[in-house]
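My numbering puts the first residue of the sequence shown at 721, with every later residue one more than the last. Below is one structure, written out as structure tokens, with a few remarks after it.
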Amino acid sequence: MSWLSRNLFSRKRTNTSTTEDESKFTVLEDTVEPEEDLGPEPTDEEIDNIDALFARLSVSDVRRYEMRLQRHVERMRRQMRRVAGAHYPELIDAADSVASMRTAAANVSSHLSQLTTMLHSSSGPVSPITRTDTSTSSTSSTHVYAVAAQVKVLVDTPEQIWKALGQQRSLHAALLFLIAQEIHDRLHAQSQAADSSDVDPILAFPVIER
Numbered sequence: 721m722s723w724l725s726r727n728l729f730s731r732k733r734t735n736t737s738t739t740e741d742e743s744k745f746t747v748l749e750d751t752v753e754p755e756e757d758l759g760p761e762p763t764d765e766e767i768d769n770i771d772a773l774f775a776r777l778s779v780s781d782v783r784r785y786e787m788r789l790q791r792h793v794e795r796m797r798r799q800m801r802r803v804a805g806a807h808y809p810e811l812i813d814a815a816d817s818v819a820s821m822r823t824a825a826a827n828v829s830s831h832l833s834q835l836t837t838m839l840h841s842s843s844g845p846v847s848p849i850t851r852t853d854t855s856t857s858s859t860s861s862t863h864v865y866a867v868a869a870q871v872k873v874l875v876d877t878p879e880q881i882w883k884a885l886g887q888q889r890s891l892h893a894a895l896l897f898l899i900a901q902e903i904h905d906r907l908h909a910q911s912q913a914a915d916s917s918d919v920d921p922i923l924a925f926p927v928i929e930r
């Protein structure tokens, strides 16, 4: 009987202590203070007129306003982190694109500089082709073949330019155009300098004028 009494007493004491702990936990939960309502977030106009706020508000109101401003800054910081995390791959792709564009622009600038140097080096006076009395028919034929080769390049260049533009190779198309223009100018110069014994490129190949 004494054993049963001790067992019941200990169980009752355990239940009592558990109930007391639960009640303490409930009291602690009930005593948690809710977050203080600091009012609406500060507007841009208020942020721009800080001096007016200090002149208008009291010390306690200024402190409350400071807490509102800190809360607003923290909220904006979290939003920026979320946006940066969501768009991080896009930002990386944009940075890679900018780097590629910078490299391409440097290459284009280098090619343009080389092209300018080539044009300056080839812009000297055109020496007219004259024939001497000792020239032979083979020399005349060679001259005709050279003019024909230049005309062939001049005729095929428009198609090559269109093909380069279709492949988005604008620099190559511009280089082909400048080469064709140089050949066209040289053929015109040879035609003006030719005498009766020379082969006139314009008369021999009227397609040059087209």
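Backbone N, C-alpha and C fix where the C-beta goes; we use that ideal spot for every residue, glycine too. What you are looking at is a predicted structure, and each value in this text was computed from that prediction instead of being measured.
Please list the terminal residues of the continuous alpha helix (DSSP H) segment that includes residue i.
i	result
leucine 811	808-841
leucine 773	770-776
Residue i to residue j, Cα distance in whole Å?
i	j	result
threonine 837	asparagine 827	15 angstroms
glycine 805	arginine 798	11 angstroms
serine 931	glutamate 794	Residue 931 falls outside the range modelled here, since the chain spans only 721 to 930, and no answer is possible.
valine 873	aspartate 816	40 angstroms
isoleucine 899	aspartate 813	38 angstroms
alanine 866	methionine 821	42 angstroms
histidine 892	glycine 886	11 angstroms
valine 752	histidine 807	With a pLDDT of 39 at valine 752, under the threshold of 50, the modelled position of this residue cannot be trusted, and the question is left open.
arginine 788	phenylalanine 774	15 angstroms
arginine 802	leucine 895	49 angstroms
alanine 884	glutamate 810	31 angstroms
glutamate 765	arginine 784	17 angstroms
Counting C-beta neighbours from all protein chains within 10 Å, is the total for residue i 16 or more, i.e. buried, or is it exposed?
i	result
alanine 819	exposed
alanine 825	exposed
alanine 869	exposed
leucine 907	buried
glutamine 910	buried
Given residue i, which residues of its chain have a CB within under 8 angstroms of its CB, disregarding the five upstream and five downstream residues?
i	result
phenylalanine 897	Thr877 and Ile881
valine 782	Leu773 and Phe774
aspartate 768	none
Among residues of its own chain, excluding the 5 on either side of residue i, which ones have a beta-carbon nearer than 7 angstroms to its beta-carbon?
i	result
isoleucine 903	Gln870, Val873 and Leu874
Which same chain residues end up closer than 6 angstroms to residue i when comparing Cβ atoms and leaving out the 5 residues on each side of it in sequence?
i	result
glutamine 912	none
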